[in-house]
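A short write-up of the structure that comes next.
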């Protein structure tokens, strides 16, 4: 979430930028984008194939993918400094779409891209009705992670029961 908000802050100025930085405790813009690029690089460096670690046996492969994209209304001119920052710090692709004339096609294109980037785990990032002909830009950030648990989930340690959330309407049975 902080990565997407950092990307958003790169396109903000004045009070909007100050509110984003203050709310999320972001450092100054140059430092923020450098830190985000560095942290993304560290995540991507965690990718590895299955490895044999001697007496402990084989460790499963680990796959991390962090992808970003901008989906502007076709013909919308984005400012060069913003696009440069998106490319340099976030490796962001730009995919113009026609929200005004083909809103549903734009939604399907974005969802298809996200699905491809997440090995089909996220197929409907944007539900119907979210975009409209007035939409000018959609900023997308997707993170895909496939990794073994440090402490594997033990099915035998679970049971059916009631889940108590913050709602005052009472328990909800989850099985």
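Residue numbers (our numbering): 121 to 295.
Backbone N, C-alpha and C fix where the C-beta goes; we use that ideal spot for every residue, glycine too.
Keep in mind the model is a prediction, meaning the values are calculated, not measured.
Does DSSP put residue i in a helix, a strand or coil?
i: residue 215; result: coil
i: residue 271; result: coil
i: residue 262; result: strand
i: residue 243; result: coil
i: residue 251; result: coil
i: residue 152; result: helix
i: residue 196; result: coil
How far does the beta strand (DSSP E) with residue i in it extend, from its first residue to its last?
i: residue 223; result: Here residue 223 belongs to no beta strand (DSSP E); instead the alpha helix (DSSP H) covers 223 to 237.
i: residue 284; result: Residue 284 -> no beta strand (DSSP E), and no H or E assigned at all.
i: residue 190; result: 183 to 192
Report the residue from the options whose alpha carbon sits nearest the alpha carbon of residue i.
i: residue 164; options: 187, 244, 149, 274; result: 187
i: residue 152; options: 271, 274, 168, 129; result: 129
i: residue 125; options: 135, 193, 141; result: 141
i: residue 234; options: 224, 245, 225, 226; result: 245
i: residue 123; options: 210, 197, 273; result: 210
i: residue 212; options: 262, 240, 136, 249; result: 262
Alpha helix (DSSP H) containing residue i: first to last residue?
i: residue 142; result: 134 to 144
i: residue 201; result: 200 to 210
i: residue 125; result: 122 to 130
Please classify residue i as buried or exposed, where buried requires at least 16 other C-beta atoms within 10 Å of its C-beta.
i: residue 256; result: exposed
i: residue 237; result: buried
i: residue 170; result: exposed
i: residue 269; result: exposed
i: residue 190; result: buried
i: residue 138; result: exposed
i: residue 69; result: The structure shown has nothing for residue 69, since the chain only spans 121 to 295.
i: residue 219; result: buried
i: residue 282; result: exposed
i: residue 146; result: buried
How about residue i: is its C-beta nearer than 8 Å to some C-beta of chain D?
i: residue 247; result: Although the question refers to chain D, the structure presented lacks it and comprises just one protein chain.
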